[in-house]
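Participant: Taken in sequence, the protein lines are chains A and B.
In terms of the working numbering, the first sequence opens at residue 43 and continues consecutively.
In terms of the working numbering, the second sequence opens at residue 320 and continues consecutively.
Here you go, one structure.
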Amino acid sequence: MNIFRLAGDMTHLASVLVLLLKIHTIKSCAGVSLKTQELYALVFACRYLDIFTNFVSLYNTVMKLIFLGSSFSIVWYMRYHKVVRRSYDKDQDTFRHYFLVLPCLVLALLINEKFTFKEVMWTFSLYLEAVAILPQLVLLQRTRNIDNLTGQYVFLLGAYRGLYILNWIYRYFTEPHFVHWITWISGLVQTLLYADFFYYYYQSWKNNQKLHLPA
Amino acid sequence: GDKEKGKDEL
Chain A
43 MNIFRLAGDM
53 THLASVLVLL
63 LKIHTIKSCA
73 GVSLKTQELY
83 ALVFACRYLD
93 IFTNFVSLYN
103 TVMKLIFLGS
113 SFSIVWYMRY
123 HKVVRRSYDK
133 DQDTFRHYFL
143 VLPCLVLALL
153 INEKFTFKEV
163 MWTFSLYLEA
173 VAILPQLVLL
183 QRTRNIDNLT
193 GQYVFLLGAY
203 RGLYILNWIY
213 RYFTEPHFVH
223 WITWISGLVQ
233 TLLYADFFYY
243 YYQSWKNNQK
253 LHLPA
Chain B
320 GDKEKGKDEL
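Structure below.
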C-alpha cells in the first residue's frame with residue numbers, strides 16, 4: 043500500500059468520524075443530507091458483498107466493517123434517534139434517490155468488466171459513489187450557512203477522492219498492467235463534483251471567514 | 320488476475 047492510498051483511507055475515515063462526532067456529541071445533524079448518507083450505506087452494502095468470502099488483509103476487512111457500520115448507524119441516528127432526527131432539515135433535503143440510483147444501475151448493467159451479479163453490484167457501487175454527494179451539495183447550497191463540522195466533513199471527503207487519484211497514478215507507474223478505466227473515470231467524476239465546494243472552502247479559509255456558499 | 324488487483328481498494 044502506498045502513502046497516497048493510506049492517506050486517502052485515513053481522510054475518508056476522518057470524514058466519517060467527524061460526522062459521527064457531530065451527531066453523537068452535539069446531537070444534531072443540521073446541514074447533513076440523509077439522502078447522501080442512505081446512498082453511501084447502499085454503496086458500501088453493494089461493494090462489500092465479498093467481505094466474508096474474499097480476504098485481502100485484516101486492514102481491508104476492518105476498514106470495510108467500519109464503513110458499513112458507520113454509514114448504517116448515521117442513517118439510523120438521522121431517522122430514528124429521538125433528539126437527532128428533530129434537527130434534520132427534511133424540507134430542504136428533497137433530492138430523489140432514484141434519479142441517481144436508476145441511471146447508475148442501468149450503466150452498471152451495460153458497462154462492466156464481467157457480467158456477474160457480484161461484479162455488476164461492485165460496478166454499480168462505484169458509479170453511485172461518484173454521484174452520492176450530490177444531495178449533500180444541493181443541501182449545502184440551499185442552507186448556505188454551514189457549520190464548521192459539516193464543512194470539514196465535505197472537505198475531508200473531497201480530500202479522500204483527490205488522494206485516491208494520486209494513488210492510481212502511483213500504482214499505474216509502479217505496478218505492471220494496473221489499468222482500471224471504470225474505477226478511474228467514476229473516481230474522476232466524483233472528485234470534479236467537489237471542485238466548486240473546494241473553491242469556496244479555500245476562499246473562506248484564506249480570508250479566515252465562516253464558509254458561505256453563493257446562492 | 321490483473322483485473323482483480325484494484326479490488327484491494329476500499
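Glycine included, each C-beta is placed from N, C-alpha and C at the ideal position.
Predicted model, so just to flag it, every value in this text is computed and none were measured.
1. Give me the chain B residues within the contact set of V98(A), using Cβ-Cβ distance strictly less than 7 Å, ordered along the chain.
2. Excluding five sequence neighbours on each side, which residues of the same chain lie with their C-beta closer than 8 Å to the C-beta of L62(A)?
3. In chain order, what are the residue ranges of uninterrupted alpha helix (DSSP H) at least 4 long that sit wholly in the stretch 182-243 of chain A?
4. Helix, strand or coil, according to DSSP, for D321(B) in the structure here?
5. From which residue to which residue does the alpha helix (DSSP H) around N250(A) run?
6. Given A130(A), which residues of its chain have a CB within under 8 Å of its CB, disregarding the five upstream and five downstream residues?
7. Could you say which of S228(A), L84(A), R127(A) and V221(A) lies nearest to F109(A) if we only look at CA atoms?
8. For R203(A), would you say it is in contact with chain B, using Cβ-to-Cβ distances shorter than 9 Å as the test?
9. With a CB to CB cut of under 8 Å and the five nearest residues on each side skipped, what residues in its chain are close to E217(A)?
10. In terms of alpha-carbon separation, which member of F141(A), Y243(A) and W210(A) lies closest to G50(A)?
11. Mind listing which residues of the stretch 105-127 of chain A have their C-beta closer than 9 Å to chain B's C-betas, in chain order?
12. List the whole-angstrom C-beta distance separating Y236(A) from G200(A), where the pair is believed to meet the contact cut-off of C-beta under 8 Å.
13. Measure from the C-beta of Y206(A) to each C-beta in chain B and report whether the shortest distance is under 9 Å.
14. For K252(A), which residues of its own chain have a beta-carbon under 7 Å away from its beta-carbon, when the five flanking residues on both sides are left out?
15. I think R208(A) touches F46(A), with their Cβ atoms under 8 Å apart; what is that distance to the nearest whole Å?
16. Please compile the residues from chain B whose C-beta is within a distance smaller than 8 Å of the C-beta of N102(A).
17. Is the Cβ of W259(A) closer than 9 Å to any Cβ of chain B?
Facilitator: From the atom records:
1. D327
2. S112, S115 and I116
3. 190-216 and 223-235
4. Low per-residue confidence applies at D321(B): pLDDT is 49, beneath 50, and the placement is therefore not dependable, though the value from the model is reported in the following sentence. Helix, per DSSP.
5. Premise fails: N250(A) is in no alpha helix (DSSP H) and is neither H nor E.
6. First, the residue type needs correcting, since residue 130(A) is Tyr and not Ala in the sequence shown. Contacts found: C71, A72, V74, L76 and M120.
7. L84(A)
8. no
9. none
10. W210(A)
11. M105, K106 and F109
12. 4 Å
13. yes
14. S246
15. Note that residue 208(A) is Leu in the sequence shown here, rather than Arg. With 8 Å as the limit, L208(A) and F46(A) qualify as a contact, their Cβ atoms being about 4 Å apart.
16. D327 and L329
17. No answer is possible for residue 259(A): the residues shown for chain A start at 43 and end at 257.
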